[in-house]
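Written out below as structure tokens is the structure these notes cover.
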Amino acid sequence: MAKKFSFRLEPLLNIKAFHAKQAKEELMAILYLRTKKESEIEERNNYLSSLFEHKLIYSKASEIQAFWYHINYVKEQIAKLENEKEQLVEIENLKREKFNAAMKEEKILEKLKEKKRQAYFEDINKEEIKQLDEIAQKKFQNFEMQ
1 MAKKFSFRLE PLLNIKAFHA KQAKEELMAI LYLRTKKESE IEERNNYLSS LFEHKLIYSK
61 ASEIQAFWYH INYVKEQIAK LENEKEQLVE IENLKREKFN AAMKEEKILE KLKEKKRQAY
121 FEDINKEEIK QLDEIAQKKF QNFEMQ
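First residue of the sequence shown: 1, per our numbering; consecutive thereafter.
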């Protein structure tokens with residue numbers, strides 16, 4: 001009987017699958033950090049909007065000045081967060097490229113494995129047909145001899 005199909009590059013395929021999974025996890029971690037940063041920026045923008053909507057009822061110039069310094073501080077925080085978000089987007093793009101490359105390598109090996117599997121089963125089918133033809137031919141010869 002025919003032996004079981006085995007793909008000799010299976011260990012390499014497993015390594016590529018592991019790398020793809022690892023790259024996906026890294027990408028997901030960066031995506032989480034970016035969305036967290038975006039929500040933080042959104043919170044700061046909402047806070048800044050609420051500050052602008054706040055009516056100035058301060059009587060002293062120092063209170064008004066402190067209020068505007070606070071607004072400028074919040075704006076600086078938002079700018080800093082935007083800069084950090086841009087850095088995360090750059091890292092995300094690199095991680096995405098790494099993930100795409102890992103998936104491509106894994107897919108190539110998967111296709112090769114499938115081609116090898118199909119060729120293996122075609123050979124098995126040819127062998128079985130050959131054996132069945134031989135059996136039929138022997139039966140026919142035995143039938144003619146009788």
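Using N, Cα and C, we set each Cβ at its ideal position, and we do this for glycine too.
Just the C-alpha distance for residue i and residue j, rounded to the nearest angstrom, thanks.
i, j, result
"ILE135", "ALA17", "45 Å"
"LYS138", "ASN125", "20 Å"
"LYS36", "TYR120", "50 Å"
"GLU148", "LYS85", "No information on residue 148 is available, as it lies outside the stretch 1 to 146 that the chain covers here."
"GLU110", "GLU76", "50 Å"
"GLU128", "LYS107", "31 Å"
"SER62", "PHE99", "54 Å"
"GLN131", "GLU144", "20 Å"
"LYS4", "ASN142", "34 Å"
"ILE154", "PHE67", "Since the displayed the chain opens at 1 and closes at 146, residue 154 lies outside it and no answer follows."
"ASN46", "MET28", "27 Å"
"LYS24", "ASN14", "15 Å"
Assuming residue i and residue j form a contact by the criterion Cβ under 8 Å, report the distance between their Cβ atoms to the nearest whole angstrom.
i, j, result
"GLU97", "ILE30", "12 Å between Cβ atoms; not a contact."
"ILE64", "LEU48", "That belief does not hold up - the Cβ atoms of ILE64 and LEU48 are roughly 17 Å apart, past 8 Å."
Using CA coordinates, which residue listed in the options is at the minimum distance from residue i?
i, options, result
"SER50", "LEU27, GLU63, LEU33 and VAL74", "VAL74"
"GLN87", "ARG34, HIS70 and LYS130", "ARG34"
"LEU94", "GLU26, LEU48 and ILE71", "GLU26"
"TYR32", "LYS113, ARG117 and VAL89", "VAL89"
"LEU12", "LEU112, GLU144 and MET145", "LEU112"
"SER10", "LYS116, ASP133 and ALA66", "Just to set this straight, residue 10 is Glu in the shown sequence, not Ser. That would be LYS116, whose Cα lies nearest to the Cα of GLU10."
Taking only heavy atoms of the ligand ATP into account, decide whether any of them is closer than 8 Å to the Cβ of residue i.
i, result
"SER62", "Absence of the ligand ATP is noted for the structure shown, with no ligands found whatsoever."
Would you be able to state if there are at least three C-beta pairs under 8 Å between the stretch 75-89 and the stretch 35-42? yes
The stretch 99-112 in contact with the stretch 6-25 per 3-pair CB rule at 8 Å: yes
Completely contained alpha helix (DSSP H) runs for the stretch 5-68, where each covers 4 or more residues: 10-53
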